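Chemist: Using my numbering, the letters of the sequence shown map in sequence onto residues 1 to 75. Note that CB positions come from ideal geometry on N, CA and C, so glycine has one too. If you're wondering where the values come from, they're calculated on a predicted model, not measured in any experiment.
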Amino acid sequence: MYESTKNSFKVPLEVPGVKTKVNITDYEVSLSHTPFAILVKRKSTGVTISFLYGLGEHQQSLLIDITNKWKQLTF
Numbered sequence: 001m002y003e004s005t006k007n008s009f010k011v012p013l014e015v016p017g018v019k020t021k022v023n024i025t026d027y028e029v030s031l032s033h034t035p036f037a038i039l040v041k042r043k044s045t046g047v048t049i050s051f052l053y054g055l056g057e058h059q060q061s062l063l064i065d066i067t068n069k070w071k072q073l074t075f
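1. By DSSP's criteria, lysine 10 is part of a beta bridge. Which residues make up the other side?
2. So what does DSSP say about leucine 52, is it helix, strand or coil?
3. Measuring only the C-alpha atoms, how far is serine 30 from lysine 21?
4. Within a Cβ cutoff of 8 angstroms, which residues of the same chain sit near lysine 43, ignoring the five residues on either side of it in sequence?
5. Determine the closest residue to leucine 52 out of Ile38, Val15 and Ser32, with distance taken between C-alpha atoms.
6. Please work out which residues of its chain come closer than 7 angstroms, Cβ to Cβ, to valine 47, disregarding the five sequence neighbours upstream and downstream, and give them in chain order.
Here's what the structure looks like:
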């Protein structure tokens, strides 16, 4: 999202496009609306995965500390 009337710096990061949809996965994704939650479960064990990396546009290698109240994560 950008404002077309103003110039802004954009990080020169190449993002590969998705050419085909994967039909077979090792996980199931479900949503809960109250309270809001994204649940990811391994199909082989049924265990809910506790730590998710790479949601949204966050591009960092370390786990995001969501306990800090001053940080806001947007998706």
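Modeler: In this structure, then:
1. The residue given as residue 10 occupies position 10 in the sequence shown. Answer is none; lysine 10 lacks a bridge partner.
2. Here residue 52 refers to the residue found at position 52 when the sequence shown is read from its first residue. In the displayed model, leucine 52 falls within coil according to three-state DSSP, outside both helix and strand.
3. Position 30 of the sequence shown, counting from 1, holds the residue named residue 30. Position 21 of the sequence shown, counting from 1, holds the residue named residue 21. Cα to Cα, serine 30 sits roughly 18 angstroms from lysine 21.
4. Stepping through the sequence shown from its first residue, residue 43 is reached at position 43. Short of 8 angstroms from the beta carbon of lysine 43, and not among the five residues preceding or following it, lie these beta carbons of its own chain, in chain order: Thr25, Asp26, Tyr27 and Glu28.
5. For the purposes of this step, residue 52 is taken as residue 52 along the sequence shown, with counting starting at 1. The residue with the shortest Cα to Cα distance from leucine 52 is Ile38.
6. Your numbering for residue 47 matches position 47 in the sequence shown. Contacts found: Lys41.
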